[in-house]
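Residue numbers (the working numbering): 6 to 350. Everything below concerns the one structure shown next.
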Amino acid sequence: MSPVATRVGLIERYRERLPFADGDPVISLGEGSTPLVHAPALSERVGAEVWLKLEGLNPTGSFKDRGMTCAVSAAVREGAKAVICASTGNTSASAAAYAARAGIRCAVLVPDGKIATGKLAQALMHGARVIVLRGNFDEALKLVRELADRHPISLVNSVNRFRLEGQKTASFEIVEALGEERPLDALCIPVGNAGNITAYWKGFRELGVAPRMFGFQAAGAAPLVEGAPVAHPETVASAIRIGNPARWEEAMDAMTSSQGAVRAVTDAQILDAYRFLAAREGVFCEPASAASVAGLMVHGAGDAERVACVLTGHGLKDPSTALDQAGAVVPCEPELAAVEEAVLG
Ligand SMILES: *Cc1c(COP(=O)(O)O)cnc(C)c1O
Numbered sequence: 006m007s008p009v010a011t012r013v014g015l016i017e018r019y020r021e022r023l024p025f026a027d028g029d030p031v032i033s034l035g036e037g038s039t040p041l042v043h044a045p046a047l048s049e050r051v052g053a054e055v056w057l058k059l060e061g062l063n064p065t066g067s068f069k070d071r072g073m074t075c076a077v078s079a080a081v082r083e084g085a086k087a088v089i090c091a092s093t094g095n096t097s098a099s100a101a102a103y104a105a106r107a108g109i110r111c112a113v114l115v116p117d118g119k120i121a122t123g124k125l126a127q128a129l130m131h132g133a134r135v136i137v138l139r140g141n142f143d144e145a146l147k148l149v150r151e152l153a154d155r156h157p158i159s160l161v162n163s164v165n166r167f168r169l170e171g172q173k174t175a176s177f178e179i180v181e182a183l184g185e186e187r188p189l190d191a192l193c194i195p196v197g198n199a200g201n202i203t204a205y206w207k208g209f210r211e212l213g214v215a216p217r218m219f220g221f222q223a224a225g226a227a228p229l230v231e232g233a234p235v236a237h238p239e240t241v242a243s244a245i246r247i248g249n250p251a252r253w254e255e256a257m258d259a260m261t262s263s264q265g266a267v268r269a270v271t272d273a274q275i276l277d278a279y280r281f282l283a284a285r286e287g288v289f290c291e292p293a294s295a296a297s298v299a300g301l302m303v304h305g306a307g308d309a310e311r312v313a314c315v316l317t318g319h320g321l322k323d324p325s326t327a328l329d330q331a332g333a334v335v336p337c338e339p340e341l342a343a344v345e346e347a348v349l350g
């Protein structure tokens, strides 16, 4: 293999900080090593130096790949022949891809009618068995946990500790990219099932740094903000439409011990940030990801001077929300005058 054609996956890159020995099976698609880009327009808007961690540039288009390379590699090491997860979409796309790569079976339980088109297409293309539950994510997670207890199937939701091990590597990358001279003051991140914020905090702690952790939930699905589970979570940000996060305590601990906070943002605020990022920064993320930026715009990040926002998934995952939000196309006759009018008018 030519070295220029390979992108080192994160188990290989961070093996000494991960629970994998030399010679363990590694199921990788070259995940991690995502760009951290400066956001000039957003920085000006909020009066801080803001960086965007583009997790949509992982192999299946979301940060879930960081956790999945570890969860599926560990499942293969244990001899599992199948993996299962409940998913608002991205976990299923990622599990399906890594299972395909490993040559094992994958089943996913997704909530009825609430999964973005791109994610469903991925899970199906990768050959997963996609089960559409007449229920929400929280019910799906409860059911797959019971199923995994009864059968030799490996559960790859973020209740799986290997998922968090993989996901913590994003913190390592941010710290490495910014250097030691002026470390990060605050991290803004969307919170759904609360695995990712838990993983980032774990990663930062392992490096001995402690940026303030600001978690943002959608107002219609904000159990951590309200301090109680939400029975019928609703939001346009389908990836964080979760009413009873599995990593509740750990996420709250991350935010309190870092002197951060958990706050809610409305769908309108999420969509404002979503359009702002696309139109002003040239960065297309999915609505749930924009919750981190919406939170920063609306609530700020204390007195932080240097802030990173985690953009968890790619905008192409959810083309229907994008088209609902975007401007209309311009129809045109195939004549120069008409094109001139259409372009310049
Ligand atoms: C999974 C996901 C989240 C939420 O992460 P949690 O670990 O469940 O808190 C946010 N955004 C996107 C795009 C996701 O796929």
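A virtual CB, placed ideally from N, CA and C, is assigned to each residue, including glycine.
(1) Specify, as a first and last residue, the run of the beta strand (DSSP E) that residue 351 falls within.
(2) Are there 16 or more other CB atoms within 10 angstroms of the CB of residue 156, so buried, or fewer, so exposed?
(3) Would residue 107 and residue 132 be called neighbours here (beta carbons separated by less than 8 Å)?
(4) Which term fits residue 350, buried or exposed, when burial requires 16 or more other beta carbons within 10 angstroms of its beta carbon?
(5) Buried or exposed for residue 174, going by 16 or more other Cβ atoms inside 10 Å?
(6) Per the contact definition of three or more C-beta pairs closer than 8 Å, is the stretch 260-267 in contact with the stretch 133-145?
(7) Apply the 10 Å Cβ neighbour rule to residue 238 and answer buried if 16 or more other Cβ atoms are within range, or exposed otherwise.
(8) Quick one: what does DSSP say residue 43 is sitting in, helix, strand or coil?
(9) Indicate whether the contact test is met: 3 or more Cβ pairs, each with one atom in the stretch 252-260 and one in the stretch 188-203, closer than 8 Å.
(10) Under the rule that 16 or more other beta-carbon atoms within 10 Å means buried, what is residue 154, buried or exposed?
(11) Among residues of its own chain, excluding the 5 on either side of residue 143, which ones have a beta-carbon nearer than 7 Å to its beta-carbon?
(12) Buried or exposed, going by whether 16 or more other CB atoms sit within 10 Å of the CB of residue 346?
(13) Can you tell me whether residue 331 is helix, strand or coil according to DSSP?
(14) Thinking C-beta only, is residue 19 closer than 8 Å to residue 209?
With the given structure in hand:
(1) Because the chain spans 6 through 350 in this model, residue 351 falls outside it and cannot be assessed.
(2) A residue is called buried when at least 16 other Cβ atoms come within 10 angstroms of its Cβ; residue 156 does not meet this threshold and is exposed.
(3) Contact: no.
(4) Burial state of residue 350 is exposed, judged by a 10 Å Cβ sphere holding fewer than 16 other Cβ atoms.
(5) Flag for residue 174 reads buried.
(6) The answer is no - the stretch 260-267 does not touch the stretch 133-145, with fewer than three Cβ pairs under 8 Å.
(7) Its Cβ being crowded by 16 or more others within 10 Å, residue 238 is buried.
(8) Here residue 43 sits in strand by DSSP.
(9) Contact between the stretch 252-260 and the stretch 188-203 is established, with three or more Cβ pairs separated by less than 8 Å.
(10) Exposed, because fewer than 16 other Cβ atoms sit within 10 Å of the Cβ of residue 154.
(11) 247, 248 and 249, listed in sequence order.
(12) Looking at its Cβ environment, which holds fewer than 16 other Cβ atoms inside 10 Å, residue 346 is exposed.
(13) Coil.
(14) It is not a contact, given that the beta carbons lie outside the stated cut-off.
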